[in-house]
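Chains as they are written, first to last, in the working numbering: chain A, 33 to 133; chain B, 5 to 107.
Worksheet for the structure shown next.
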């Protein structure tokens with residue numbers, strides 16, 4: 033039996049309320065502009081992946097970052113006028129998320 | 005850092021996404037093949053290609069079709085990694101144009 037691989041615990045779990053950070057900096061950013069600063073909830077934990085912000089410039093992508101499927105109400109993203117009950121689903125890395133109430 | 009030319013989701017001027025099916029031209033399929041071959045050989049990563057397209061001149065980016073942007077980003081990454089030079093690419097292009105005429 034090999035040694036058990038210890039995975040770093042993800043910071044959030046399904047159902048947790050989160051707020052997307054509003055950062056404006058150069059580089060290759062996977063967090064779309066329209067979702068920055070918005071509040072939603074964790075729909076699913078995708079797992080840990082190499083960091084594209086580093087890979088985009090020839091880096092090794094380490095340390096890996098936890099990627100989440102984050103859900104938002106349409107009205108919270110586009111304004112109250114949007115009557116749709118559909119959700120907006122966006123893949124967002126952990127370092128772009130803060131806990132929210 | 006302003007909002008990038010690639011990141012226009014939700015902007016009033018962005019327009020609707022064209023979801024109609026369309027046939028790919030031979031050169032577009034070839035562009036995809038070159039892109040995949042470079043990836044399979046560990047020469048470039050998808051994130052580098054995306055970054056190259058984000059760094060492009062905004063007017064040029066907007067003028068190009070999807071696969072034209074792919075070709076432009078492949079070219080800039082190959083030059084950045086010193087695998088090809090701009091001169092080598094231009095020379096080959098001139099060769100093709102004298103053989104087959106301008107596109």
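Glycine residues also receive a C-beta, built at the ideal position from the N, C-alpha and C atoms.
Asked                                                                                                                                                       : Found
Mapping the DSSP letters down to three states, classify residue 33 of chain A as helix, strand or coil.                                                     : Caution applies to residue 33 of chain A, whose pLDDT of 49 falls short of 50 and renders its modelled position unreliable; the value that the coordinates give is listed next. Three-state result, residue 33 of chain A: coil.
Answer with yes or no whether the minimum CB distance from residue 52 of chain A to chain B is below 9 Å.                                                   : no
Tell me the DSSP secondary structure of residue 112 of chain A in three-state form.                                                                         : coil
Just checking, does the region 96–106 of chain A make contact with the region 18–31 of chain B on the three C-beta pairs under 8 Å criterion?               : no
Using three-state DSSP, classify residue 77 of chain A as helix, strand or coil.                                                                            : strand
When you compare the CB of residue 67 of chain B with every CB in chain A, is at least one pair closer than 9 Å?                                            : no
Among residues of its own chain, excluding the 5 on either side of residue 45 of chain B, which ones have a beta-carbon nearer than 8 Å to its beta-carbon? : none
Can you tell which of A:111, A:74 and A:70 has its C-alpha closest to the C-alpha of residue 42 of chain A?                                                 : A:74
Grouping DSSP H, G and I as helix and E and B as strand, with all else coil, what is residue 47 of chain A?                                                 : coil
To the nearest angstrom, how far is the alpha carbon of residue 25 of chain B from that of residue 73 of chain B?                                           : 19 Å
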